[in-house]
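Novice: Please see the structure below; I have some questions.
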Amino acid sequence: MALSAALLQLIINGVAVGTVYALVAVGLVMTYRATEVLNFAYGDVLMFSAFVGWGVTAWLGMPFWVAMLVAVVVAAALSYAVDAGLMRRIVGQPHFAAVMLTIAISFMLRGLVSMGFGPTSRGLDTPFSGHTSRFGGVVVADINLAIIGAAILVTSVLFAFLRGTRLGVSIQAASQNQLAAYLCGIRVKRLNSMVWAMSGAIAAVSGLLLAPLALVDVGLWFVVLKAFAALVLGGFGSMPGAIAGGLVIGLIEQFAGVYLPDGFKDVSAQLVLIGVLAVFPRGLLGEAHGRRV
Amino acid sequence: MRFAYDTSYAAARRRLRYPAGRIAYAVLLAALLAGPYVLPKFFVGEAAALFIGCIMSLGLMVLTGFTGQVSLGHAAFAAIGAYAHVNLLGLGIPLPISLAASGAIAGAIGLLIGLPAIRVSGLYLAMVTLAFSLIVEQVAGRWKDITGGYGGIAVPDPELFGLTLGGLVPFYYLCLAILLGLLLALDNLLRGHIGRAFVGIRDSEAASHALGIWVAGYKVLAFVISAFVTGIGGGLLAHQVQYVTPEGFSLNLSMELTLMVVIGGLGSLRGAILGAILISLLPTAISRVKLILPASLAAQFGLETFVFGLVLALFVLFEPAGLNGRWVKLRTLLQTFPLYRRATFVRGKTYAKSERYR
Amino acid sequence: MKALEVDDLTLRFRGLVAVNALSFDVAEGEIFAIIGPNGAGKTSVFNVITRIFPPSAGRIRAFGADITAISRHHVVRHGIARTFQNIELFEGASVLDNLLLGRHRFNHGGVLAQIAGLPRVGRAEDSSRAAVEDIIDRLDLSPFRNAPVAGLPYGVRKVVELGRALATQPRLLLLDEPASGLNPEETRDLAFWISDIRAELGITVVMVEHDMSLVSAVADRVLCLSMGQRLAIGTASEVQGDAAVIAAYLGT
């Protein structure tokens, strides 16, 4: 039995949105694994870089790819500075302090963006906007293909980097045992800041991929709440899990929009998050043991 | 220098042990009572809003400050309290009963959320509460019969024993009375063995079990009390805004409440009050400052958000004990003058007990 | 009646056997020490007795009552109190509040009585305070009464934890490495207190300890564990002379 065209359309939309969630979740996992900080400001870094990208295209008249490059560099530098200048100062304090500090950073970013760009939403033009491709009976917006392609590219580069390069292996080592890594001569602090920078770069890519789907708007940070659900679904701290979780959340959202009453679409990610944690309090694939005494 | 000369354990337990403290609080109470006759009208309304902020902040403090359970979505309980109150008033139920019942309904929902929430901890709980508040906001927008949907619902004027309390001054006294009542009740509760058990759970669950503290039970209890108090705050907030909409209980309110308890200083009721005062007055202060700023900056939209974030960051980095910590240091300085040592409050380096074991 | 009877106790974590078919009992009024190389399962025995881990097999009885399957927070009702290897104090509270928390199991009135501040709540608080003051006197903690626990020196923190366990008015006290990290003088104080606790309060003491001088000084009997199994049991000198024990410590 062939899938109906409408259903296939829905799946493709879900996968496209889901890949963005997956990318955001991967960015969150990276900093969580390296520094045990769940970055509540991540959505705002994403939103900020979308505005940077918009500024480069609209004000400087540069093409999309240049905007992407500039946004990635700016977001990476910003995240590096945030870790080196702020997060590093509260290492060793309870997790709650780190959560509050990232919330503070998110407020400051949101405030700065509102001050700099005003409350209006902007559209971002990309080379793919408005074009469609046909595959058999299915019409696919090019932007969706671009998102999926870019996400696959980013994650493959990331995995190749973590597996295949000296720096990537150091990052993995440090995330498993910081002290041991430090004693092996890895400069853990600088490494952690570099992980933050990479995570910032991923935020910029996701922001510029998401912007054509939504609008460049202060509300763009909201995507981080969906990524939390992806994170929990994929078992906190696992990258393949985060990717799978993001895709599932994206699909659930699309299907909830069609098959469930109004309103479910907006909170389906939240419902999934609560549902998963109600059944598996430590998350799917969660860490097995509590604190040792 | 001041020393405590306690002659009995009962004397040591007293709330205000020194004459100076008793006088200071008596003066404060007198000032609060005289307030509406001295202050301009605008400030009377602001003060009532401030009292409501204090009530909701106290509610969150019980949960986050004492048992260490982080809630990033506490506005949900305020929303439940507000909508319950409006509907109960609509049924013709008198104000005191309706307000208490709204608190109880919020508390019951707190129980429902608390039961699964105690199984998760730390960051997971923060995410669960955040998700819960988003769901409540969505429900409030959709359940038109009860909430009036996104359009909102009008709130009847508060009435007590046939007297209308709709004016600014009577409403000021209503909020003040409820705030003082709740403050005393919570202080009684938290200075006793239940408060100690809350702190015990926050600091070491393993030791709490070993001492016979029913950890799960006390966590749920904290959830219920917290939701009850915040729900009552929500009921009063409904009167304050006079027209309840889901946007009034969005993530912004939750975040403001979290800011209040963190900036005020976790683990102290005084901190909840001080934090609520600072956070409630900040927007007013910012709007005053805007008048003297260059027009280009003053017209901007996000200044308030930015300042909130900045203040929070400064507190987390430089005064993790919050306003209450500052207050305690200042008090110690005055009491022990000239023997104050800065080192009294310098804590040894602490290391977070990592939650991951590999 | 025996204070503690452990029958055939086994604790497994997935493949790893932490405690293997272990049996021993402790008479009332005895001071009983458990020794063994690192990873022998000593602390695991305590953790099973206080229900932090459910045992995979076996039975535990305290003062004749079966406590194998009770709730964690009911253990203390059977008169069992414990300290922890890595000090589990309530860091945000004062020494006094830490000790008062030890009195948690005694009735202080319900939620509503507390909120209302009824006189009987006050009387319960006062009697708890009086009991705690006795412990403060006994353990020489009065200079630190109102100090926050977080800033205290290590040795004092160990004593506070001991005091907190005593505040529950136990009949059986489980001490997990009470002398680790203490200097010789503090260890001597501890030896004195442990004998004192048994002699004056009639409390049975079971302790996990590495310091053989302390064990020899106070323990009536010693159990030596290795790989979760019992190697030897007897007086300190008997166990120290046991060939299997020497082999376990020195390697074969």
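Protein chains in written order, with this note's numbering: chain A, 1 to 293; chain X, 294 to 651; chain V, 652 to 903.
Note that the Cβ used here is the ideal one computed from N, Cα and C, for glycine as well.
Give the residues of chain A in contact with X:Arg435, contact being defined as C-beta atoms less than 9 Å apart.
Specialist: In chain order: Pro261, Asp262 and Gly263.
Novice: Rounded to whole angstroms, what is the Cα-Cα separation between V:Ile854 and V:Ser846?
Specialist: Distance between the alpha carbons of V:Ile854 and V:Ser846: 10 Å.
Novice: Under 7 Å Cβ-Cβ, which residues of chain A neighbour X:Ala424?
Specialist: Residues of chain A passing the Cβ test: Gln270, Leu273 and Ile274.
Novice: What residue from A:Phe135, A:Gly92, A:Asn144 and A:Lys226 has the CA that sits closest to X:Leu610's CA?
Specialist: Residue A:Gly92 is the option with its Cα nearest to X:Leu610.
Novice: If I'm right that X:Leu550 touches X:Leu408 with Cβ under 8 Å, what's the distance once you round it to whole angstroms?
Specialist: Contact doesn't hold; Cβ gap of about 22 Å is too wide.
Novice: Measure the beta-carbon distance from V:Arg733 to V:Asp827 and round it to whole angstroms, keeping in mind my assumption that it falls under 8 Å.
Specialist: Their Cβ separation, rounded to whole angstroms, is 7 Å, which keeps V:Arg733 and V:Asp827 in contact under 8 Å.
Novice: Can you list, in chain order, the residues of its chain whose CB lies under 6 Å from that of A:Ala256, leaving out five sequence neighbours each side?
Specialist: Cβ within range, chain order: Phe264, Lys265 and Ser268.
Novice: Along the beta strand (DSSP E) that carries V:Leu823, what are the first and last residues, could you check?
Specialist: Note, V:Leu823: beta strand (DSSP E), Leu823 to Asp827.
Novice: Between the beta-carbon of A:Val294 and the beta-carbon of A:Phe40, is there less than 8 Å?
Specialist: Absent from the model: residue 294 of chain A. The displayed extent of chain A is 1 to 293, so no value can be given.
Novice: Could you name the residues of chain X that A:His131 contacts, counting a contact when the two beta carbons are closer than 7 Å?
Specialist: Here the premise fails: no neighbours, minimum Cβ distance about 34 Å.
Novice: What's the gap between the Cα of A:Gly207 and the Cα of A:Ala50?
Specialist: Rounded to whole angstroms, A:Gly207 to A:Ala50 spans 5 Å at the Cα level.
Novice: Of all the residues that make up the segment 408-420 of chain X, which are near chain A by a beta-carbon distance shorter than 7 Å?
Specialist: Under the 7 Å Cβ criterion, the segment 408-420 of chain X contributes Pro409, Arg412, Val413, Gly415, Leu416, Tyr417, Ala419 and Met420.
Novice: What residues in its chain sit with their C-beta under 7 Å from that of X:Ala576, if we drop five residues either side in the sequence?
Specialist: The question names Ala, but residue 576 of chain X in the sequence shown is Pro. The residues are Glu597.
Novice: Alpha carbon to alpha carbon, what distance is there between A:Ala84 and A:Ala201?
Specialist: Each residue's Cα considered, the two are about 16 Å apart.
Novice: Am I right that V:Glu742 and V:Val810 are in contact with their C-beta atoms under 8 Å? What's the rounded C-beta distance?
Specialist: Contact doesn't hold; Cβ gap of about 16 Å is too wide.
Novice: Taking V:Ile848 as the reference, which of V:Arg808, V:Phe697 and V:Leu825 has the closest Cα?
Specialist: Comparing Cα-Cα distances from V:Ile848 to each of V:Arg808, V:Phe697 and V:Leu825, the minimum goes to V:Leu825.
Novice: Please go through the segment 207-280 of chain A and give each complete alpha helix (DSSP H) segment of 4 or more residues, from N-terminal end onward.
Specialist: Runs of the alpha helix (DSSP H) inside the segment 207-280 of chain A: 223-233, 239-259 and 264-279.
Novice: Could you compute how far the alpha carbon of X:Gly557 sits from the alpha carbon of X:Gly441?
Specialist: Cα-Cα distance, rounded: 35 Å.
Novice: Output needed for X:Asp450: all residues of its chain with C-beta closer than 8 Å, excluding positions within five of it in sequence on either side, in chain order.
Specialist: Excluding positions up to five away in sequence, the list reads Thr457, Leu458, Gly459 and His532.
Novice: Does the CB of V:Ala716 have a neighbour CB from chain X at under 8 Å?
Specialist: No, V:Ala716 lies away from the interface with chain X (no Cβ there is under 8 Å from its Cβ).
Novice: Buried or exposed: A:Pro261, going by 16 or more other Cβ atoms within 10 Å of its Cβ?
Specialist: By the 10 Å Cβ count, A:Pro261 comes out exposed.
Novice: Going along chain A in order, which residues have a C-beta closer than 8 Å to the C-beta of X:Ile428?
Specialist: The answer, in chain order, is Val267, Gln270, Leu271 and Ile274.
Novice: Throw me the rounded Cβ distance for the A:Asp44 and A:Arg110 pair, which I believe falls under 8 Å.
Specialist: 5 Å between Cβ atoms; contact.
Novice: Can you confirm whether X:Val513, when its beta carbon is compared against all beta carbons of chain V, has any partner nearer than 8 Å?
Specialist: Output row for X:Val513: interface = no.
Novice: Show which residues of chain V have a CB atom less than 9 Å away from the CB atom of X:Ser561.
Specialist: Residues of chain V passing the Cβ test: none, with the nearest at roughly 10 Å.
Novice: Quick one: using the 10 Å Cβ neighbour count with 16 as the cut-off for buried, is A:Gly290 buried or exposed?
Specialist: Low confidence applies here, because A:Gly290 scores a pLDDT of 46, under 50, leaving its location unreliable and the question unanswered by this model.
Novice: Indicate whether the contact test is met: 3 or more Cβ pairs, each with one atom in the segment 337-348 of chain X and one in the segment 464-475 of chain X, closer than 8 Å.
Specialist: As far as the Cβ criterion goes, the segment 337-348 of chain X touches the segment 464-475 of chain X, which means the pair count is three or higher.
Novice: To which residues does DSSP link V:Glu889 through a beta bridge?
Specialist: Answer is none; V:Glu889 lacks a bridge partner.
Novice: So what does DSSP say about V:Gln880, is it helix, strand or coil?
Specialist: Three-state DSSP puts V:Gln880 in a strand.
Novice: I need the straight-line Cα distance from X:Ile386 to V:Thr701, nearest angstrom please.
Specialist: Their Cα atoms are separated by approximately 51 Å.
Novice: Which residue's Cα is closest to the Cα of A:Leu38: A:Trp196, A:Val20, A:Gly18 and A:Leu215?
Specialist: When each option's Cα is compared against that of A:Leu38, the closest is A:Trp196.
Novice: Are the beta-carbon atoms belonging to X:Ser519 and X:Gly415 less than 8 Å from one another?
Specialist: No, these two residues do not count as a Cβ contact at 8 Å.
Novice: Using a Cβ cut-off of 7 Å, pull out every chain V residue sitting near X:Ser573, in sequence order please.
Specialist: Result: empty, since nearest Cβ-Cβ is about 26 Å, beyond 7 Å.
Novice: Under 8 Å, do A:Met47 and A:Leu225 count as touching if we go by C-beta distance?
Specialist: No.
Novice: Listing by chain order, which chain A residues have their CB less than 7 Å from the CB of X:Thr598?
Specialist: Correct list: Phe107, Arg110, Gly111 and Ser114.
Novice: Tell me, to the nearest whole angstrom, how far the beta carbon of V:Arg723 is from that of V:Ile738; I am working on the premise that it is less than 8 Å.
Specialist: Going by Cβ atoms, the distance from V:Arg723 to V:Ile738 rounds to 19 Å, so no, they are not a contact pair.
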